[in-house]
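Right, one structure below, let's go through it.
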């Protein structure tokens, strides 16, 4: 909760990620009592409940919003299954386009997942951010908190390694989504992580030695952000008056969680064959989606001390595909 946010009823932060997105918020009256009293939405799937939802957007043939997140994933899979997807556009993991493209403009186009239809990137990001903003305000209403948009200090986080063009692009998309310029702060992801850590008691800092505190003036520390698309590393120092100094500028590359996903599905293709995996994705999209989500859960619960992991795979669907191709069981 920043000093210039005293006139706002709450601060809301949107984390727009490559693979997953979400938001959290802090009410002004609660922050005064406990800075760590932070609220988030809970997104439900068949397998689990998460504080984030997939960064994927589904539009209809008129280029109008249909769904975002888990709902978009499920509806797209059902459309594929019923072969009714031809008129729809489905976008996923599109944030990486702002990292990979050095010539970002307001007219930049994005291809949907099929590669057959295109949409202005500006509209894809705008509609996605608008969904998160609306979802947050609707959540507040269900809790009895009627808050207007202009009573909220909005914070949109972006990777520190992004170009200025990419950062300005995201700001423009957020403003087009309905967030007023005066209410919007575009903040760097490692800096927001650093600020949050200043409020953590020492015992909550995993791996810290007794007596270590990030609140101590002069403390230098590394911020490692292992995201879905990129891995970013920077070094900060705590200086006087609660401020932070960047000791080493942010550096990183596109070696985030999605690169692990690619390796996993490369392994699946090696085990079952690329034809089988392609058939699974096209003919049993719900089973394929279950496999994707299962692997995501495994990544989150992985333990270094355990050399083996157990992954539940869609055996029935895979065996059906295998029989069609090889005329025998797996």
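Residue numbers (the UniProt record's numbering): 1 to 330.
Don't be surprised by glycine CBs; every beta carbon is placed ideally from N, CA and C.
Same chain, Cβ closer than 6 Å to residue 321, five either side skipped, listed in chain order: In the same chain as residue 321, and ignoring 5 residues on each side of it, the C-beta atoms closer than 6 Å to its own belong to 276, 279, 280, in chain order.
Rounded straight-line distance, which links the Cα of residue 222 to that of residue 211: Its pLDDT being 45, under 50, residue 211 is placed unreliably in this model, and the value from its coordinates should be taken loosely. Approximately 18 Å, taken between the alpha carbons.
Any non-hydrogen atom of the ligand ATP closer than 6 Å to residue 322 Cβ: This structure lacks the ligand ATP, and indeed carries no ligand of any kind.
Local Cβ density within 10 Å of residue 268, reported as buried at 16 or more and exposed below that: With a threshold of 16 other beta carbon atoms within 10 Å, residue 268 meets it and is buried.
For residue 42, the three-state DSSP class (helix, strand or coil): coil
Closest residue to residue 301 among 180, 19, 48 (Cα-Cα distance): Looking at the Cα atoms, 48 is the closest of the given residues.
Alpha carbon of residue 264 to alpha carbon of residue 58, nearest angstrom: 26 Å
Sequence ranges, alpha helix (DSSP H) only - wholly within the region 150-206, length at least 4: Listed in chain order, the alpha helix (DSSP H) runs fully inside the region 150-206 are 164-176, 189-198, counting runs of at least 4 residues.
Straight-line Cα distance separating residue 315 from residue 335: Nothing can be reported for residue 335: it is not among the residues displayed for the chain, which extend from 1 to 330.
Contact under 7 Å by Cβ, residue 234 with residue 160: In this structure, residue 234 lies near residue 160, with their beta-carbon atoms less than 7 Å apart.
7 Å Cβ shell around residue 177 - same chain, five flanking residues per side excluded: 126, 129, 130, 133
Residue from 121, 18, 143 whose Cα sits closest to the Cα of residue 95: 18
Three-state class that DSSP yields for residue 238 in the structure shown: Residue 238 carries a strand assignment under DSSP once its states are collapsed to helix, strand and coil.
Cβ-based neighbour list, residue 297, same chain, cut-off 7 Å, excluding 5 preceding and 5 following: 47, 48
Contact set for residue 34: own chain, Cβ-Cβ below 8 Å, skip 5 residues either direction: none
Cα-Cα separation, residue 108 to residue 42: Straight through space, the alpha carbons of residue 42 and residue 108 are spaced by roughly 33 Å.
Cβ shell of residue 329 (< 8 Å), same chain only, five flanking positions each side left out: 319, 322, 323
Buried/exposed call for residue 287, threshold 16 Cβ in 10 Å: buried
Which of helix, strand or coil DSSP assigns to residue 253: strand
Contiguous alpha helix (DSSP H) assignments of at least 4 residues, all confined to the region 76-159: Correct list: 96-100, 121-142.
Contact under 7 Å by Cβ, residue 165 with residue 104: yes
Residue from 317, 67, 306, 7 with nearest C-alpha to residue 154: Comparing Cα-Cα distances from residue 154 to each of 317, 67, 306, 7, the minimum goes to 7.
For residue 279, the three-state DSSP class (helix, strand or coil): helix
Beta carbon of residue 14 nearer than 7 Å to that of residue 23: yes
Endpoints, alpha helix (DSSP H) assigned at residue 325: Its alpha helix (DSSP H) spans residues 315-326.
Three-state secondary structure (DSSP) of residue 285: helix
Three-way DSSP call (helix, strand, coil) for residue 50 in this model: strand
Beta-carbon spacing of residue 53, residue 69 below 7 Å: yes
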